[in-house]
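Here the structure is laid out as structure tokens; the discussion comes afterwards.
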Amino acid sequence: MRPLGRARLLSHRLVGRLVELGGNQVTIEGLHFSVDNPLITRREKGLLDVGLHERGEIALACRYIEADLPVVELGGGIGVVACIINRRLTRPTDHVVVDANAELIPTLEANRRLNRAGFRIRNVALAYGSVETAFAIDSFATGRVGGVGRRALVATATLASLLEETAFERINLVVDIEGAEVDLVEREGPLLARHARILIVETHPRFAGEEAIPRMLTALRKLGFSEVARARDVFAFEHRTLG
């Protein structure tokens, strides 16, 4: 590891230790979040505290989410992005947050309470072909379907089933599911085009494969989505015919 990289790693761990000494809470965009979960490392606590967690996703969500439309969020984590989005919505209860990692759900619920957010929580994984799937619990940030390491069985859902359950029509869709975004577009692309007015998606070439991401982006454009902004691996799209 280069000296600068080592220094940054040590500094983030030091900040994380200070977070722990201060009660395991951080403040982001004026909201308060518990990080009191064994899956969240000291370094990750430091990154959260200095505002480096999901920076691109937060910026694009704040700019492009349409406040009068419901939100479906796939990959809610501990609720940082969810709470920031929720406070901007005209109808905060028209917001469902999906996360497959059961070990994060208590922290997600705690952060919903801390920030008086109105979203619903679903502990399911986006996956196809079975009612349950194996979910790899790598960390709070990178757990995923099909990964290696410690695993747990989790119930599955699809975008179609979530829309049927919520009765949402036109939506904002926020996607951060560690490579499964490719499956979503391949399996449910036409449904996306009918319902997602705004799509914010974080891509994960490390998990999905380098060739899969350009193919997915091309498919989205063919489905009528126009890219309006990008922040590194996070893309914001609008659908041309759902305005």
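Residue numbering for the sequence shown follows this note's numbering, beginning at 9 and increasing consecutively.
Where is the CB? At the ideal position from N, CA and C, for every residue including glycine.
Quiz item: Cβ of Glu74 within 8 angstroms of Cβ of Arg205?
Solution: Residue 74 sits at position 66 when you count from the first residue of the sequence shown. Residue 205 sits at position 197 when you count from the first residue of the sequence shown. Yes, these two residues count as a Cβ contact at 8 angstroms.
Quiz item: Should Met9 be labelled buried (16 or more other beta-carbon atoms within 10 Å of its own) or exposed?
Solution: Taking the sequence shown and counting its residues from 1, one reaches residue 9 at position 1. Residue placement at Met9 cannot be trusted, given a pLDDT of 39 that sits under 50; what the coordinates show is reported in the next sentence. The residue is exposed, with fewer than 16 neighbouring Cβ atoms inside 10 Å.
Quiz prompt | Terminal residues of the alpha helix (DSSP H) in which Glu52 lies | solution = Against the sequence shown, residue 52 aligns to sequence position 44. First-last of the alpha helix (DSSP H) with Glu52: Arg50 to Asp57.
Quiz item: What is the DSSP secondary structure of Leu167, reduced to helix, strand or coil?
Solution: Along the sequence shown, read from residue 1 onward, the residue named residue 167 stands at position 159. It is helical.
Quiz item: His203 lies in the alpha helix (DSSP H); which residues open and close that run?
Solution: Taking the sequence shown and counting its residues from 1, one reaches residue 203 at position 195. Element bounds for His203: Glu189 to His203.
Quiz item: Does any CB atom of chain B fall closer than 8 angstroms to the CB of Ile113?
Solution: Although the question refers to chain B, the structure presented lacks it and comprises just one protein chain.
Practice problem: Sort Glu140, Ala90 and Arg120 by Cα distance to Leu4 and report the nearest one. | Solution: Look at the range of the chain in this structure, 9 to 251, and you will see that residue 4 is not part of it.
Quiz item: Ends of the alpha helix (DSSP H) at Ile66?
Solution: The count along the sequence shown starts at 1 and reaches residue 66 at position 58. Segment Arg63 to Tyr72, the alpha helix (DSSP H) holding Ile66.
Quiz item: Would you report the Cα separation of Leu60 and Leu112, rounded to the nearest angstrom?
Solution: Within the sequence shown, numbered from 1, the residue matching residue 60 stands at position 52. Within the sequence shown, numbered from 1, the residue matching residue 112 stands at position 104. Cα-Cα distance, rounded: 19 angstroms.
Quiz item: Sorted by chain position, which residues of the same chain lie with C-beta nearer than 7 angstroms to Thr101's C-beta, five sequence neighbours on each side aside?
Solution: The sequence position of residue 101 within the sequence shown is 93, counting from 1. Answer for Thr101: Gly126, listed in chain order.
Quiz item: I think Ala6 touches Leu199, with their Cβ atoms under 8 angstroms apart; what is that distance to the nearest whole Å?
Solution: No answer is possible for residue 6: it lies beyond the span of the chain, which begins at 9 and ends at 251.
Quiz item: What are the start and end residues of each continuous beta strand (DSSP E) run of 3 or more residues lying completely inside the stretch 206 to 247, in chain order?
Solution: 233 to 239 and 242 to 247
Self-check item: C-beta contact flag for Leu77 and Arg223 at 8 angstroms
Solution: As a first step, residue 77 must be located in the sequence shown, where it is residue number 69. As a first step, residue 223 must be located in the sequence shown, where it is residue number 215. No, Cβ-Cβ distance for Leu77 and Arg223 is not below 8 angstroms.
Quiz prompt | Straight-line Cα distance separating Gly31 from Glu81 | solution = In the sequence shown, the residue the question calls residue 81 occupies position 73. In the sequence shown, the residue the question calls residue 31 occupies position 23. Going by the C-alpha atoms only, they are around 28 angstroms apart.
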